[in-house]
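**Q** Take this structure first; my questions come after.
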Amino acid sequence: VYAAHVGANPPARSTVEVAKLPSGALVEIEAIAHL
Numbered sequence: 001v002y003a004a005h006v007g008a009n010p011p012a013r014s015t016v017e018v019a020k021l022p023s024g025a026l027v028e029i030e031a032i033a034h035l
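FYI, the numbering for the sequence shown is 1 to 35, going by my numbering.
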């Protein structure tokens, strides 16, 4: 399913396994900026 939506050159992905996010957060967002 993922490959069908992103095409031949998919963006980088990362996965982090943790028991609990800090401060009760529900999601973690990671970003890379190219300036």
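In this text, a Cβ means the ideal position worked out from N, Cα and C, and glycines have one as well.
Given the structure is predicted, the values throughout are model-derived calculations rather than measurements.
Return the CA-CA distance between E17 and Y2, expressed in angstroms with no decimal places.
**A** Indexing the sequence shown from 1 puts residue 17 at position 17. Indexing the sequence shown from 1 puts residue 2 at position 2. Approximately 20 Å between the Cα atoms of the pair.
**Q** DSSP on P10, reduced to helix/strand/coil?
**A** Looking up residue 10 in the sequence shown gives position 10. Three-state result, P10: coil.
**Q** Suppose the cutoff is 8 Å on Cβ atoms and the five residues either side in sequence are ignored; what does the same chain contact list for P10 look like?
**A** Residue mapping note: residue 10 aligns to position 10 of the sequence shown, counting from 1. The beta carbon of P10 is closer than 8 Å to those of Y2, A3 in its chain, skipping five residues each way along the sequence.
**Q** Leaving out the 5 sequence neighbours to the left and right, which residues in its chain are closer than 7 Å to E30 when beta-carbon positions are compared?
**A** Within the sequence shown, residue 30 is the residue found at index 30, counting from 1. So the list reads S14, once near-sequence residues are dropped.
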